[in-house]
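One structure below.
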Amino acid sequence: MSKLFFKGRIDPREKYQRFGYNTKRKTKLGSENAPLILSVQTQERQTVIETLLAQHELHGEITLEPTKPENTVQLDTLLNLPGTQTFEKKPNRNDPCSCGSGNKFKKCCG
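In full-length UniProt numbering, the protein residues as written are 1 to 110.
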């Protein structure tokens with residue numbers, strides 16, 4: 001057998017390319033291509049939402065519907081994204097103790 005012999009498909013099957021989670025999405029929610037869809041009950045609330053969208057440079061379609069409940073879930077999720085979590089560095093055994101005794105961590109608080 002030749003070393004250049006390839007057993008199998010060169011390209012993945014077409015039907016499997018359409019499924020799955022797309023991690024390299026080019027359109028983000030709140031952009032011009034994918035605007036936020038929001039509904040409010042009053043004109044005052046609509047102006048408040050419009051100022052929020054302008055402050056955060058987002059695009060959205062706001063509909064005024066007094067009979068239906070307010071729906072601003074998409075805007076709330078974009079504005080309240082969790083930040084990056086950082087943790088304090090745990091001292092190594094031979095580092096000086098953080099309590100200020102002057103001893104090594106392993107002899108004092110470790």
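Note that CB positions come from ideal geometry on N, CA and C, so glycine has one too.
Values in this document were obtained by computation on a predicted structure and should not be read as measured data.
Determine the DSSP secondary structure at residue i, reduced to helix, strand or coil.
i: K28; result: coil
Quick one: residues in its chain with C-beta nearer than 8 Å to the C-beta of residue i, no 5 flanking neighbours on either side, listed in chain order?
i: L29; result: L36, Q74 and L78
i: I49; result: L38, V40, G60, I62, T72 and L75
i: T47; result: none
i: C109; result: C97, S98 and C99
Count the other CB atoms, across all protein chains shown, that sit within 10 Å of the CB of residue i; report buried if there are 16 or more and exposed otherwise.
i: L38; result: buried
i: L53; result: buried
i: L58; result: buried
Please tell me whether residue i has its Cβ less than 8 Å away from any Cβ of chain C.
i: L38; result: Reference to chain C is not applicable here, since this structure consists of a single protein chain.
Notebook entry, point to check: What residue ranges within the stretch 45-99 form continuous beta strand (DSSP E) runs of no fewer than 3 residues, ordered along the chain?
Noted result: 60-64
Notebook entry, point to check: Are at least three pairs of beta-carbons, each pair with one atom in the stretch 96-109 and one in the stretch 62-73, less than 8 Å apart?
Noted result: No, they do not touch.
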